[in-house]
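K.L.:
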Amino acid sequence: MASAWRRLGFYVCFLKSKLNGGPDIISRGRRVIPGCARGIYSATGTWTKEYTLQTRRDVENWWHKRIKEETSKISEADKSKPKFYVLSMFPYPSGKLHMGHVRVYTISDTIARFQKMRGMQVINPMGWDAFGLPAENAAIERNLHPESWTQSNIKHMRKQLDRLGLCFSWDREITTCLPDYYKWTQYLFIKLYEAGLAYQKEALVNWDPVDQTVLANEQVDEHGCSWRSGAKVEQKYLRQWFIKTTAYAKAMQDALADLPEWYGIKGMQAHWIGDCVGCHLDFTLKVDGHVTGEKLTAYTATPEAIYGTSHVAISPSHRLLHGHSSLKETFQKALVPGQDCLTPVTAVNMLTQREAPVVILAKADFEGSLDSKIGIPSTSPEDASLAQTLGLPYSEVIETLPDGTERLRNSAEFTGMNRQDAFLALTQKARRKRVGGDVTSDKLKDWLVSRQRYWGTPIPMVHCPACGPVPVPLQDLPVTLPHITAFTGKGGSPLATALDWVNCACPRCRGAAKRETDTMDTFVDSAWYYFRYTDPQNAHSPFNAALADYWMPVDLYIGGKEHAVMHLFYARFFSHFCHDQNMVKHREPFHKLLAQGLIKGQTFRLPSGQYLQREEVDLTGSLPVHANTKETVEVTWEKMSKSKHNGVDPQEVVGRYGIDTIRLYILFAAPPEKDILWDVKADALPGVLRWQQRLWALVTRFIEARASGTLPQPQVLSNEERAEGRKLWEHKNSVISEVTAHFTEDFSLNSAISQLMGFSNALLQASQRVVLHSPEFEDAVCALTVMAAPMAPHITSELWAGLQQVPGKLCAHYAWDAGVLLQAWPAVDPQFLQQPDVVEMAVLINNKACGTIPVPQRVSRDQDKVHELVLQSELGVRLLQGRSIKKTFLSPRTALINFLVQD
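Per my numbering, the very first residue in the sequence shown carries number 24; after that it's consecutive.
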């Protein structure tokens, strides 16, 4: 009979192929049907009992395309549905995926599938961080154009991602090197310029004296030599473009308090920004009473005491002594190395109009990253000592009242104010007059965005001899890159060689002018890409405000910890800026951040530092040694790298073990934020292979029991068997609660898999009559399969197809005509919630009762945990999504939490 069924399945496949126009292929004397797997039920109609290597291959070949078609397309935003925006940091198109890519995208794909099953409208977009130095270097090395190199890599990497079965929202794909994207990067740059947040000044750069070009830090080797010419790199001052990120330092520092914990990343952000206690103020410079046209910006931690200034100090390495300043000679004449030097230059405060001398300090390094600061003796003993030594006059501007309060005197309209009020009033006035006043730290620098390279977004500015720097009119964007073939510019950017492109008319006076030949740092492109994903085809603006307001903020942002400082800071800056431009209602772009750890491979290194391949190492003795020289070898775990011979090719690994196995391995080997030490022989991989086989055996046992010809009859179960079913019911509900919490709270997907493994083991131990007759067993097997689906979509799709064929189903609440990935995520049964280990938490919004949610007893007194559980619940998503929560109160006596919100 079984043989007859197999023959029937074969001919069904054959007929399907012929009806669809498929060709016949003769192989070894047998007819082979193209595209028709012969080892699985979905293709043959016969259930395969053993989950072999061939079964796994047949399952993945069959389901790969079907799953992709089922889940890849997202409709336009339906604002009646709750949304979930999961974003993984987009890759640079190097042409080859590495295991770090596989890990981050597996995590995002799993979360996206889970949220879809919860009924959320989900986007999980993908794009390409496609500009940058590596492509330009590759073009030079291979005699290719960066554009062709980049596009071929994108095409190849898309195929690699597709092979992994990832459910990206490809209809939202973006590529930063295409004009339809960087047009809007240029638009945002002009908006920054109009707001006074983009400006030019001289800055220190790496200069190659042979190639006559500026080098990025990555192009300078450990000996300080050029990557290309080998020449000793010089430090040189050039005029560069900056974005004034310091203007948002205080706002971004304060906003961290309202964000959930980010696995230590909030602390890294706070440290990067520094303590925002002071500000920069602008000065004009005079010599012998004559205005020079030069300006100087200096920092003070006590701007409220500015009327007590005695001097403005600069470091011996300041640009005024080394750059192209007209005062360079004056300052150099005044300089006496090793001494504090009074100069003939006077600084005029553009806010107070008070004058003070400029002093060159003896010490080379100031506090933080400063190279200039305002000397105020009333608030600094060091400044008071210097003023006394150099005989500099100043006013005492701080007086202490009998009650200890400090207030200002001799300070114009700020006289009589306490120091805190004066600080706020003075910094606000400075900002209003655009002469400084942005509250920041002494360590944070403005963002230098100029790059003297070709492959980047052109800076949309024109330099006119009459008008100065003029932005390109918005209607003339994008300023596209000219096509050039020489990528090492003599004396500056390679763009300078494209004279037809460089020479242009001034947008303001129509006179002869020149385009800016610097391009932007690629971090600018990636500082706003999360907005573009919400509206990627928009030809009229960077994004539609309504769509951005619906999708933003990103609910979960996933990426490497190495990007958790600079990139995250720049992305937050752009979001704050767009908010102030009324382009979006949210200030912060990311709600939760998941910084995943590295995947490390084992390395073998000689004392000389040379890395060996594993085959070159003798591991048979007590210590590893070089097989040829017998030198001792150091064995460590390091980030995977081709040069260290410890890399793993994702395509090779997937080909050997399968997509689902690698997905489960990556999710099970460690919590997402921890590093994985890749050792497939001794670690988690055998465990997840065995678990797939157990899942297959469990469903097989259930199918065979129901296929025996006896229909299930729950009423025939004994009291003991009913109690066994009751225990499975309790276990199922407990697992649903725990796994859902891992998906929504801590993202410990390794723990979620552990829960499912334990659950499957319990089901395998069920008695035969419970397997056949118990509705609790049937429900448990179905729930287990559904919960495993986001992590292992191919095998669970086949298992579900097997469950669909089972006769006499006892559970009607599943959508039996739909695939497993289209099932609703299992919910905890209401009766289970009434048990003492689960609390029904009443949820109030602005003191008004709105409903209840189940909360585990163990966390019901933890306000932060309950807060997060509410936000992740269906009720929280529906009623609190996008609303500003000002305060949360958890009742100490009753199961009640109250959210105070401001609409």
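Ideal Cβ positions, reconstructed from N, Cα and C, are used throughout, including at glycine.
With C-beta atoms as the reference, is T198 less than 8 Å away from G150?
P.N.:
Cβ distance < 8 Å, so T198 and G150 count as in contact.
K.L.:
Could you tell me which of W660, Y634 and E661 sits nearest to V648, measuring between CA atoms?
P.N.:
For the residues W660, Y634 and E661, the minimum Cα distance to V648 belongs to Y634.
K.L.:
Measure the alpha-carbon distance for Y330 versus L343 and round it to whole angstroms.
P.N.:
For Y330 and L343, the distance between alpha carbons rounds to 25 Å.
K.L.:
Taking all protein chains shown into account, do 16 or more other C-beta atoms lie within 10 angstroms of the C-beta of M589, making it buried, or fewer, making it exposed?
P.N.:
Result: exposed.
K.L.:
Buried or exposed: which applies to A655, given that a residue is buried once 16 or more other Cβ atoms fall within 10 Å of its Cβ?
P.N.:
Looking at the sequence provided, one finds Thr at residue 655 rather than Ala. T655 should be labelled exposed.
K.L.:
State the DSSP-derived secondary structure class of K91, mapped to helix, strand or coil.
P.N.:
Reduced to three states, the DSSP call for K91 is helix.
K.L.:
For P709 versus N773, is the C-beta distance shorter than 8 Å?
P.N.:
It is not a contact, given that the beta carbons lie outside the stated cut-off.
K.L.:
Quick one: what's got a C-beta closer than 6 Å to S401's C-beta in the same chain, skipping five residues either side?
P.N.:
Closer than 6 Å at the Cβ level, and outside the excluded window around S401, lie A328, G331, E419, V420 and I421.
K.L.:
List, from N- to C-terminal side, the beta strand (DSSP E) runs of 3 residues or more that fit wholly inside the segment 585-670.
P.N.:
The segment 585-670 contains these whole beta strand (DSSP E) runs: 613-619, 622-628 and 657-662.
K.L.:
Which of the three DSSP states is assigned to G929 in this structure?
P.N.:
Nothing about residue 929 can be reported from this structure: the residues present for the chain run from 24 to 926 only.
K.L.:
Anyone know if the C-beta pair for S820 and R717 falls short of 8 Å?
P.N.:
No, these two residues do not count as a Cβ contact at 8 Å.
K.L.:
Kindly confirm or deny that the segment 140-147 and the segment 843-863 touch, where touching means at least three C-beta pairs closer than 8 Å.
P.N.:
At 8 Å Cβ cutoff, the stretches touch.
K.L.:
For C873, which of helix, strand or coil comes out of DSSP?
P.N.:
If DSSP states are grouped into helix, strand and coil, C873 belongs with the strands.
K.L.:
In this structure, what does DSSP give as the bridge partners for Y271?
P.N.:
DSSP lists no partner for Y271.
K.L.:
Would the beta-carbon of S131 fall within 8 Å of that of V109?
P.N.:
Yes, Cβ-Cβ distance for S131 and V109 is below 8 Å.
K.L.:
Reducing DSSP to helix, strand and coil, say where I134 ends up.
P.N.:
The answer is helix: DSSP assigns I134 an H, G or I state.
K.L.:
May I ask you to report which of helix, strand or coil DSSP gives G155?
P.N.:
Coil at G155, not helix or strand.
K.L.:
Quick one: what's got a C-beta closer than 7 Å to Y837's C-beta in the same chain, skipping five residues either side?
P.N.:
Closer than 7 Å at Cβ, skipping near neighbours: C805 and Q846.
K.L.:
Give me the Cβ distance between V127 and Q619, rounded to the nearest whole Å; I'm assuming they're in contact under 8 Å.
P.N.:
Yes, they are in contact, since the Cβ atoms of V127 and Q619 sit about 6 Å apart, within 8 Å.
K.L.:
By the three-class DSSP mapping on this structure, what secondary structure does Q715 have?
P.N.:
It is helical.
K.L.:
If you run the structure through DSSP and keep just helix, strand and coil, what is F912?
P.N.:
In the structure shown, F912 sits in a strand (DSSP, three-state: E or B).
K.L.:
By alpha-carbon positions, which one of R165, G297, Y260 and T268 ends up nearest to V547?
P.N.:
The shortest Cα separation from V547 among R165, G297, Y260 and T268 belongs to T268.
K.L.:
Give every residue of the same chain whose Cβ lies closer than 7 Å to the Cβ of R51, excluding the five residues on either side of it in the sequence, and list them in chain order.
P.N.:
Note that R51 scores 26 on pLDDT, short of 50, meaning its location in the model is unreliable; the coordinates nonetheless yield the value given after this. Here the set comprises nothing.
K.L.:
With a threshold of 7 Å, establish whether the CB of V648 neighbours any heavy atom of the ligand FAD.
P.N.:
This structure simply doesn't include the ligand FAD, nor any ligand for that matter.
K.L.:
Under the rule that 16 or more other beta-carbon atoms within 10 Å means buried, what is W28, buried or exposed?
P.N.:
Any reading at W28 must be qualified, since the residue scores a pLDDT of 37, below 50, and its modelled position is unreliable; no value is offered.
K.L.:
By Cβ distance, which residues of its chain are closer than 8 Å to P202, with the 5 residues on each side in sequence left out?
P.N.:
These residues qualify, in order along the chain: P501 and T503.
K.L.:
Counting along the chain, where does the alpha helix (DSSP H) carrying A865 start and finish?
P.N.:
From DSSP, A865 is part of no alpha helix (DSSP H) but of the beta strand (DSSP E) over V861 to I868.
K.L.:
Could you check the C-alpha separation between V472 and Q174 for me, to the nearest Å?
P.N.:
So the alpha carbons of these two residues sit roughly 24 Å apart.
K.L.:
Determine the burial state of K909: buried for a count of at least 16 other Cβ atoms within 10 Å of its Cβ, exposed for fewer.
P.N.:
So K909 ends up on the exposed side.
K.L.:
As an exercise, report each continuous beta strand (DSSP E) stretch of at least 3 residues that is fully enclosed by the segment 365-443, in chain order.
P.N.:
Segments of the beta strand (DSSP E) lying fully in the segment 365-443: 378-383, 395-398, 421-423 and 429-431.
K.L.:
Relative to the alpha-carbon of E743, which residue among I776, S790, F912 and F766 has its alpha-carbon at the smallest distance?
P.N.:
Of the candidates I776, S790, F912 and F766, the one whose C-alpha sits nearest the C-alpha of E743 is S790.
K.L.:
Do L923 and E611 have their CB atoms nearer than 8 Å?
P.N.:
Contact flag unset, no.
K.L.:
Taking only three categories from DSSP, how would you classify G44?
P.N.:
Low per-residue confidence applies at G44: pLDDT is 36, beneath 50, and the placement is therefore not dependable, though the value from the model is reported in the following sentence. The answer is coil: DSSP assigns G44 none of H, G, I, E or B.
K.L.:
By DSSP, does Q487 sit in helix, in strand, or in coil?
P.N.:
The question names Gln, but residue 487 is Cys in the sequence shown. Three-state DSSP puts C487 in a strand.
K.L.:
When you compare each of V300, R906 and G899 to I920 by their alpha carbons, which one comes out closest?
P.N.:
Ranking the options by Cα distance to I920, first place goes to G899.
K.L.:
If distances are taken between C-alpha atoms only, which option among Q880, P105, G398 and E390 comes closest to V382?
P.N.:
Measuring from the Cα of V382, the nearest candidate turns out to be G398.
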